[in-house]
Amino acid sequence: MNKKGALESLLFVAGDDGLSMDEITSLLETTPLEAQNLLTEMRASHNDNIHSGLTLIETRKRYQLATKREYAELIKMYAVSPFATHLSQAALETLAIIAYKQPLTRMEIDQIRGVQSAGLVQRLLLRGLIKEIGRSETPGRPIIYGTTDYFMNYFGLTTIDDLPNVDELFQMQDNESFDLFDFPADEDADNQLAFFKKDSIISEQE
4 MNKKGALESL LFVAGDDGLS MDEITSLLET TPLEAQNLLT EMRASHNDNI
54 HSGLTLIETR KRYQLATKRE YAELIKMYAV SPFATHLSQA ALETLAIIAY
104 KQPLTRMEID QIRGVQSAGL VQRLLLRGLI KEIGRSETPG RPIIYGTTDY
154 FMNYFGLTTI DDLPNVDELF QMQDNESFDL FDFPADEDAD NQLAFFKKDS
204 IISEQE
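Just so we're aligned: the sequence shown equals residues 4 to 209 in the working numbering.
Given below as C-alpha cells:
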C-alpha cells in the first residue's frame, strides 16, 4: 500500500473534521516521524503543483485537505451560482438528518447514511443551511453541526419543534430531486418541507 496515497484518501474522506497525528499513525500503522514526513511531502507536492487546487492545512492539531486561497473567490461564486442551487437527493437527506437529529457530527451523519458525507456537508455549509455550532467532547473533538436561522426563515419555522413529523413528511410526491429555490418564501412549512423523498433516510428517527 502506498502510504502517501492512503493518507490523502483518508484526509479526503475525513473532510472538515480532519485527522489528528494519533489517528494517522494508528490508521497507517506508522510512526509519528514517518507520518510527519508524509504530511510534509504531501503539502509540498500540492503547493508546488500549479495544477493542484488543494493544499494541506493544520488546525487545532488536526490535518485536513483544503482548497488553495487563490480559488476562494471562484468557490464563493460557485456557491451562489445557479449551478449550486440544485440540491441532490443525497444532500436533502443529509439536511433532513441534521435538522431532526442536531446537534451531531459528520461521522454520526455518515453512520446514519452509511456513506461518507463530507462533500454534502460542505455544500450545505456554503448554502448557509447549516453551520458549525461547536465541537464534540469525544476523542478528536470533531465539529458538530446544526441548522441556521436562514434554514428556519426559509422554511417558515419559528422553532425547530415546528418541523413536521415524519408521517407528514411522507405525504409528498416521490421526486428524485428538488431545487431549493423553487418555492416562494410565503408558502407554508409543510409544503416547503415536502422535498424529502418518501423513502428518505430520515425515517430512521422513528
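Ideal Cβ positions, reconstructed from N, Cα and C, are used throughout, including at glycine. Since the model is a prediction, treat every value here as computed from it, not as a measurement.
Check	Outcome
Meets three-Cβ-pair contact criterion under 8 Å: the segment 159-166 and the segment 127-146	no
With 16 other Cβ atoms within 10 Å as the buried cut-off, status of E96	buried
Beta-carbon proximity list for E11, same chain, < 8 Å, skipping 5 on both sides	M45 and L68
Endpoints, alpha helix (DSSP H) assigned at L59	Per DSSP, L59 belongs to no alpha helix (DSSP H); it is in the beta strand (DSSP E), L57 to T62.
Own chain residues within Cβ distance below 6 Å of F242, not counting five before or after	With the chain running from 4 to 209 in the structure shown, residue 242 is simply not present.
Those residues which DSSP pairs with Y66 across a bridge	L22 and E61
Bounding residues of the beta strand (DSSP E) (the contiguous stretch that carries E140)	Segment: none, E140 is in no beta strand (DSSP E) and carries neither H nor E.
Bridge partners - G149, DSSP secondary structure assignment	K134
Where the alpha helix (DSSP H) through N50 begins and ends	P35 to D51
Best match in L98, G143 and L31 for proximity to S120 [C-alpha to C-alpha]	L98
T108 - DSSP class collapsed to helix/strand/coil	strand
Rounded separation between Q174 and R130 - CA only	Because the pLDDT at Q174 is just 42, under 50, the model does not fix this residue reliably, and the point stays unresolved.
Among I115, R116 and P106, nearest to P145 - alpha-carbon criterion	P106
Backbone secondary structure at G122 - three-state DSSP	helix
Selected residue, minimal CA-CA separation from M4, among S23, T33 and S55	T33
Sub-8 Å separation of L166 and A102 beta-carbons	yes
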